[in-house]
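Step one of this worksheet: look at the structure below.
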Amino acid sequence: MSNHSEAENSSHNSVQNDSDKIPGWNEELELAFFAYKGSYIPGRVASRHKTVCEVLVQEAVVQAGISGALQKIGKQPVVGDFVVLLDQPETGSRMIVNILPRRTCLSRGAAGDGGGEQVIAANIDTIFIVTATGKDLNLRRLERYLTIVYSSGANPIILLNKIDLEDNPARLVEKIKSIAGNVPVIPLSALSKTGLDSLSPHLNPGETVALIGSSGVGKSTLINSLLGETVQRTGGIREDDEKGRHTTTVRQMFLLPNGAVLIDNPGIREIQLGDSAEGIEKAFSEIVDAASNCKFKDCTHRDEPGCA
Numbered sequence: 103m104s105n106h107s108e109a110e111n112s113s114h115n116s117v118q119n120d121s122d123k124i125p126g127w128n129e130e131l132e133l134a135f136f137a138y139k140g141s142y143i144p145g146r147v148a149s150r151h152k153t154v155c156e157v158l159v160q161e162a163v164v165q166a167g168i169s170g171a172l173q174k175i176g177k178q179p180v181v182g183d184f185v186v187l188l189d190q191p192e193t194g195s196r197m198i199v200n201i202l203p204r205r206t207c208l209s210r211g212a213a214g215d216g217g218g219e220q221v222i223a224a225n226i227d228t229i230f231i232v233t234a235t236g237k238d239l240n241l242r243r244l245e246r247y248l249t250i251v252y253s254s255g256a257n258p259i260i261l262l263n264k265i266d267l268e269d270n271p272a273r274l275v276e277k278i279k280s281i282a283g284n285v286p287v288i289p290l291s292a293l294s295k296t297g298l299d300s301l302s303p304h305l306n307p308g309e310t311v312a313l314i315g316s317s318g319v320g321k322s323t324l325i326n327s328l329l330g331e332t333v334q335r336t337g338g339i340r341e342d343d344e345k346g347r348h349t350t351t352v353r354q355m356f357l358l359p360n361g362a363v364l365i366d367n368p369g370i371r372e373i374q375l376g377d378s379a380e381g382i383e384k385a386f387s388e389i390v391d392a393a394s395n396c397k398f399k400d401c402t403h404r405d406e407p408g409c410a
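Structural data, given as structure tokens:
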């Protein structure tokens, strides 16, 4: 074998060593990263604070800036992105220079009147849509969340939290099922941990699960219960209007003991579909019908060849 081939193999093995501790890394990402040599290393964005990201590399989390070239062309890394880092240990600096292809992409209409699409997380396998008993349970809002999730390419699952505060949670589950098609609906109490075992089949090693839902539905409590420790500050519900306090200020990524990944999103106050909100009910029903009969994963159920 030539020295050139040996050098290539050594570089390839080094990439594998750099990436084998990054949850969700796969052969497609390996191929996408293969062209990068030398001081470039792979990573996955765990959280973002304005222009600085916390990036998971091997078994460590490091801070990295975003290159001016990326910002100039409007490419912004989000939580869950697999990225290419320029690692310069001699200066102690790390810079995100590219974003590897996204397998799925969770986005919403940007808040305010400016419109546009805002990507909030990437490379997600399953999305837990968390709602709760009480005034938060809003079927129209759930339809909007489901439409967003279907469009992302991820698999939706609805979690009905705080069943310990409801006399007849089965009645509420049936109400949700009436609009959810074949989407699983799981009743639970994150506080008392009732029903958490039902989540195990959806939390697989190497897979990524995101949580979305309005503030106060118990996402932070759920994460704390799944991790077995307090990693997210929790906030109560104001008695006068039952509106939740925002307790998650940045999107964050958490690793479960079995190797599954959880992404927590702040409560979404203003839910919009990236397109016009007109005709949302028709669009939702069409997507649900297609999703119920679709045999493909990672499908937006819009115009993919072979989708039902």
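When the letters of the sequence shown are read in order and numbered with my numbering, they come out as residues 103 to 410.
Cβ atoms here follow ideal geometry from the backbone N, Cα and C, with glycine treated the same way.
Here the C-alpha atom of Ile-229 lies approximately 22 Å from the C-alpha atom of Lys-237. Note on the stretch 108-186: whole beta strand (DSSP E) runs with a minimum of 3 residues are 142-151, 154-159, 162-168, in chain order. The three-state reading of DSSP puts Ala-292 in coil, since its state is none of H, G, I, E or B.
Look at Leu-329 here: in three-state DSSP terms it is helix. Listed in chain order, the non-local C-beta contacts of Val-157 below 8 Å within the same chain comprise Gly-145, Arg-146, Val-147, Ala-148, Val-163, Val-164, Gln-165, Ala-166, Val-185, Leu-187, Arg-196, Ile-198, local neighbours out to five positions each way being set aside.
Non-local C-beta neighbours of Pro-271 in its own chain, meaning closer than 7 Å and more than five positions away in sequence, comprise Thr-235, Leu-262, Ile-265, Pro-289, ordered along the chain.
Distance from the CA atom of Lys-321 to the CA atom of Ser-300, rounded to whole angstroms, is 16 Å. The C-beta distance from Gly-182 to Asn-225 rounds to 5 Å, short enough to fall under 8 Å.
Annotation: the continuous beta strand (DSSP E) that includes Glu-219 extends over 219-224. Around the Cβ of Phe-136, a 10 Å sphere holds fewer than 16 other Cβ atoms; the residue is exposed. For Thr-233, the closest of Arg-210, Ile-222, Pro-258, Gly-211 by C-alpha to C-alpha distance is Pro-258.
Residue range 195-201 is occupied by the beta strand (DSSP E) that includes Val-199. For Cys-155, the closest alpha carbon among the candidates Gln-354, Asp-366, Asn-367, Ala-362 is that of Gln-354.
In the three-state reduction of the DSSP assignment, Leu-313 falls in the strand class. Per DSSP, reduced to three states, the secondary structure at Leu-262 is strand. Between the alpha carbons of Ala-256 and Gly-170 lies a distance of about 31 Å.
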